[in-house]
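Note that the sequence shown ends on residue 49 in this note's numbering; no numbers are left out.
The C-beta atom is built at its ideal place from N, Cα and C for all residues, glycine as well.
Keep in mind the model is a prediction, meaning the values are calculated, not measured.
Here's the structure we're looking at; comments come further down.
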Amino acid sequence: ERDRAGHGLQCSVRLLLLLIRANVTDDKYAILESAIGFEPQLRDDV
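Pasting the structure below:
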């Protein structure tokens with residue numbers, strides 16, 4: 004259950020970052036990324 008919840012949270016954060024990425028400058032996006040400590044990675048298996 005915890006693994007599934009963690010995966011769901013990671014997917015939600017990834018989606019949120021992708022949506023934000025289209026609407027902010029590179030500097031602001033980099034600040035947000037470093038503040039939450041998460042870098043989305045492209046995946047080939049999706």
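Taking Cβ positions, are residue i and residue j nearer each other than 8 Å?
i, j, result
"Leu35", "Ile23", "yes"
Determine the direct distance from the alpha carbon of residue j to that of residue i, and round the result to whole angstroms.
i, j, result
"Thr28", "Ser15", "21 Å"
"Ala38", "Lys31", "11 Å"
"Ala8", "Gly40", "19 Å"
"Val4", "Ala33", "Per the sequence presented here, residue 4 reads as Glu, with Val not at that position. Those two C-alpha atoms are separated by around 32 Å."
"Leu19", "His10", "14 Å"
Who are the Cβ neighbours of residue i in its own chain at under 8 Å, not counting the five residues just before and after it?
i, result
"Ala25", "none"
Next on the checklist: Threshold first: 4 residues or longer. Then list the alpha helix (DSSP H) segments lying entirely within the region 5-43, N to C.
Outcome noted: Here the runs fully enclosed are 5-24, 29-39.
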